[in-house]
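What follows is a set of notes on a single structure, which appears directly below.
In my numbering, the protein residues as written are 20 to 165.
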């Protein structure tokens, strides 16, 4: 993995939708997948940390990828201001050419997403399922974006 930050878009392998996030408190800054919009809500600064850990910061909001760790909140993924804890650190694991999984360091749960509009294509964390709802693809290189 590259050691310098880079701007990427993150695509859900199961449906081809792009990682995005609501930017308003009333939506709890929920992370969702959306059709490609070619804007900074779908661009993330990927910053390598120690080992295979990374931190992801949404370009448009400056907020960091994080997740609720309680069942009553469905383990929803959200963005938050930077926190110096491992809820915002993600294990990056390559699974195939171009494909990878992200596992939250604090919970050990994998980045996943609902495939239905009724769930607003909400991104959540789940135990490992070994299917493509937990597989993601990067676009973009270096710090220049896509």
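Each residue gets a CB set at the ideal place from its N, CA and C atoms; glycine is no exception.
Problem - Cβ shell of residue 118 (< 8 angstroms), same chain only, five flanking positions each side left out - result: Numbered from 1 along the chain shown, position 99 holds the residue referred to as residue 118. Here the set comprises 32, 154, 155, 156.
Discussion item. Between residue 76 and residue 37, how many whole angstroms is the CB-CB distance? I'm expecting something under 8 angstroms.
Written reply: What you label residue 76 is simply residue 57 of the chain shown in a count that begins at 1. What you label residue 37 is simply residue 18 of the chain shown in a count that begins at 1. The distance from the Cβ of residue 76 to that of residue 37 is about 16 angstroms, inconsistent with a contact at the 8 angstroms cut-off.
Between the alpha carbons of residue 132 and residue 71, how many angstroms are there, rounded?
Walking along the chain shown from the start, residue 132 turns up at place 113. Walking along the chain shown from the start, residue 71 turns up at place 52. Taking the straight line from one Cα to the other gives about 22 angstroms.
Backbone CA spacing between residue 28 and residue 158 [nearest angstrom]: Taking the first residue of the chain shown as 1, we reach residue 28 at position 9. Taking the first residue of the chain shown as 1, we reach residue 158 at position 139. Approximately 5 angstroms, taken between the alpha carbons.
With distances taken from CA atoms, which of 150, 142, 101 is nearest residue 114?
The count along the chain shown starts at 1 and reaches residue 114 at position 95. When each option's Cα is compared against that of residue 114, the closest is 150.
Under three-state DSSP, which class holds residue 55?
Counting from one through the chain shown, the residue named residue 55 turns up at place 36. Three-state result, residue 55: coil.
Of the listed residues 146, 126, 142, nearest to residue 48 (C-alpha basis) = Along the chain shown, read from residue 1 onward, the residue named residue 48 stands at position 29. That would be 142, whose Cα lies nearest to the Cα of residue 48.
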